[in-house]
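In the numbering used here, the protein residues as written are 795 to 1095.
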């Protein structure tokens, strides 16, 4: 739907999505000889100004003209209304044109007070997936047929994955003390909302992992598997740096092996990840007293 729309149709769809997703979003229409003052939409709380460009054919020269025209108009006519300028486009080719990425970088150097970002079809889809069913139906302008399906997993789904961890664990990984669980661990590791949801989906089944290890005759297997799991995590942390979501994805692949999982095996992998995350075998534990900015009480587990 997003990919196939252009021009006014794309802009209307963008406005509808943003109004459904963000309470502070205000669509801007042109008026008389003042136009739109360099923006098509504004988030008042987060101070983000959006400019849409969605032609039927993507021409770099026209993009450059449109981009700088909107930026310069907005800086002159809306100087106190925004801190971030978001260029919204419908380029479907797996990312934004390399020349346009250069335009964004150059604009940041020319106007260092502002943050410049782009939002294409993929990022718009990321916004849409946060909508509940009624709002998604409003966005699509049609009913979504949904059948009631309840997924659940049992110990039989968990066991093969844990055996896989045991068989592929790093044999010489040291088994040391593990930090105590703590609040704010997700915040400290800067995991995305999607990663939070993945871990949360696995938490109801964490007791199955615990049950599996409690039933083993060799009580060392849990610690040895956890040590191997942490050794792999440290390797991924070295390879991917601070990209926590990429690290979590690599850890999920490590649990599943290279197979394309059925839904039940995928859910079981989430349970394994959540278990070792909450037991503090993987990812970093905040130092004592650390809290994210603006936190008062509680935090993301």
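Where is the CB? At the ideal position from N, CA and C, for every residue including glycine.
Everything numeric in this text was worked out from a predicted model, so none of it was measured.
- In the structure shown, the three-state DSSP call for residue 883 is strand.
- The DSSP assignment places 1000–1008, 1014–1034 as complete runs of the alpha helix (DSSP H) inside the region 1000–1048, in order along the chain (cut-off: 4 residues).
- For residue 863, the closest of 846, 852, 1087, 875 by C-alpha to C-alpha distance is 846.
- Closest by C-alpha distance to residue 982, out of 850, 1076, 816, 855, is 1076.
- Assignment of residue 878 by DSSP, reduced to helix, strand and coil, places it in the strand class.
- In terms of Cβ geometry, residue 1050 and residue 1063 form a close pair [threshold 9 Å].
- Under the three-state reduction of DSSP output, residue 845 falls in the strand class.
- Contact between residue 989 and residue 1038 holds, since their C-beta atoms are separated by about 7 Å, short of 8 Å.
- Take residue 819, set aside five residues on each side of it, and the residues of its chain with a beta-carbon closer than 7 Å to its own are 812, 813, 835, 837, in chain order.
- For residue 1079, the secondary structure class from DSSP, reduced to helix, strand or coil, is coil.
- DSSP places residue 892 inside the alpha helix (DSSP H), whose first and last residues are 892–904.
- Judged by DSSP secondary structure, residue 910 falls within the beta strand (DSSP E) whose first and last residues are 909–913.
- Take the alpha-carbon of residue 803 and the one of residue 884: they are about 11 Å apart.
- Inclusion of residue 805 and residue 848 in the CB contact set at 9 Å is warranted, their separation being smaller than that value.
- Comparing alpha-carbon positions, the option among 842, 1008, 1017, 1032 lying closest to residue 879 turns out to be 842.
- It is roughly 21 Å from the alpha-carbon of residue 921 to the alpha-carbon of residue 895.
- Pairing residue 926 with residue 1068, the inter-Cα distance amounts to about 25 Å.
- Between the alpha carbons of residue 1072 and residue 992 lies a distance of about 13 Å.
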